[in-house]
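Worksheet: one structure, shown below.
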Amino acid sequence: MRPVDLSCPSLRSVTRLALALGALTLPIVSFGCGGSPTAPQRDDVFYLHGSGVIDKNQSYEVYFPKLNADENERLPRRVGVGVLDGDVRLARPIDWYVRDADYSPGQRFISYQSPRQFLFSIYERIDHPEDTWPDVMKRYERDCEEQGAQILAGRMPVATANAQARSYIVKTRVPAKPAYHSYAHEILIRSGNRLLLVQVVHGENIESVADEMATALRSMLVY
Numbered sequence: 003m004r005p006v007d008l009s010c011p012s013l014r015s016v017t018r019l020a021l022a023l024g025a026l027t028l029p030i031v032s033f034g035c036g037g038s039p040t041a042p043q044r045d046d047v048f049y050l051h052g053s054g055v056i057d058k059n060q061s062y063e064v065y066f067p068k069l070n071a072d073e074n075e076r077l078p079r080r081v082g083v084g085v086l087d088g089d090v091r092l093a094r095p096i097d098w099y100v101r102d103a104d105y106s107p108g109q110r111f112i113s114y115q116s117p118r119q120f121l122f123s124i125y126e127r128i129d130h131p132e133d134t135w136p137d138v139m140k141r142y143e144r145d146c147e148e149q150g151a152q153i154l155a156g157r158m159p160v161a162t163a164n165a166q167a168r169s170y171i172v173k174t175r176v177p178a179k180p181a182y183h184s185y186a187h188e189i190l191i192r193s194g195n196r197l198l199l200v201q202v203v204h205g206e207n208i209e210s211v212a213d214e215m216a217t218a219l220r221s222m223l224v225y
């Protein structure tokens, strides 16, 4: 795997998220600090869902107050939610909204839009959870190659709250007029039951939002 050329200022900025992700590789063991003792009002959690809430008893998210965390000098207030039918739980900023989602068997995903100009998406992969890391990574890297994406750096070991993960920095050419490149951190996550791909699509400069992205990832519980 070719290393990132850190002589390029934009790539130095993009690489900061990889460093933030790798800074805490131990599982998170406490979720109560800063948590709200009562559930927020429904509109407080779901008011920005792009497609609206058709049935008041249904949503792409369910509420998990143990993952709540208060606003601080680096991060907005976070609310604990369960996604993918509760198989994944995380603490997400209160002002993220669901951009798209599909819970059909075999292709489940949810994609969030942050008002701070990045996308945070969780995809369930079809790899068998007992596949070895080398097999999983080779399959993912082959997928990237077939899609025309360039892996700038990869196979960096990181972790969520309860699962092992491997992080990649990916550059993709977007066919537009004029053409431009998009950057993403893509993180393969495996638990005993499933494999996920978290895709964080962002601009070249992520100095102001790296902590937000990394904190959401590290909060994830995968069942």
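Under the working numbering, the residues of the sequence shown are numbered 3 to 225, in order. Glycine is no exception: its CB is placed at the ideal position from the N, C-alpha and C atoms. Every value quoted in this text rests on a predicted model; they were computed, and no experiment measured them.
Counting C-beta neighbours from all protein chains within 10 Å, is the total for residue i 16 or more, i.e. buried, or is it exposed?
i	result
PRO107	exposed
GLY150	exposed
ALA181	exposed
GLU63	buried
ASN70	buried
GLU126	buried
ILE128	exposed
Span of the beta strand (DSSP E) holding residue i?
i	result
ASP102	99-104
GLU214	Looking at the DSSP string, GLU214 is not in any beta strand (DSSP E); the run it does join, the alpha helix (DSSP H), is 212-220.
LEU197	197-204
LYS173	166-176
Spell out whether any CB of chain B is found under 9 Å from the CB atom of residue i.
i	result
GLY84	Among the chains of the structure shown, chain B does not appear; only one protein chain is present.
Go through its chain and collect everything with a Cβ distance to residue i's Cβ below 7 Å, but skip five positions before and after it.
i	result
GLU225	According to the sequence provided, residue 225 is Tyr. The question's Glu does not apply to it. Closer than 7 Å at Cβ, skipping near neighbours: ASP89, SER193 and ASN195.
CYS146	ILE153 and VAL172
Among residues of its own chain, excluding the 5 on either side of residue i, which ones have a beta-carbon nearer than 8 Å to its beta-carbon?
i	result
PHE120	VAL202, VAL203, HIS204, GLY205, ILE208, VAL211 and MET215
ILE191	THR162, ALA165, GLN166, ALA167, LEU197, LEU198, LEU199, VAL200, MET222 and VAL224
ILE56	For ILE56, the pLDDT reaches just 33, beneath the cut-off of 50, and the residue's location in the model is therefore unreliable, although a value from the coordinates is still provided. Taken in chain order, the list of residues that qualify is empty.
For the putative contact between residue i and residue j, defined by C-beta atoms under 8 Å, what is the C-beta separation to the nearest angstrom?
i	j	result
PRO131	LEU197	6 Å
LEU92	ASP213	In fact, because the Cβ distance is near 15 Å, the residues do not count as touching under 8 Å.
VAL81	ARG94	6 Å
PHE66	VAL83	6 Å
In this structure, does DSSP put residue i in helix, strand or coil?
i	result
THR134	coil
GLU143	helix
PRO95	strand
LEU69	helix
GLU75	coil
GLU148	helix
Could you name the residues of the same chain whose beta carbon sits closer than 6 Å to that of residue i, not counting the 5 residues immediately before and after it, in chain order?
i	result
THR174	ALA151 and SER184
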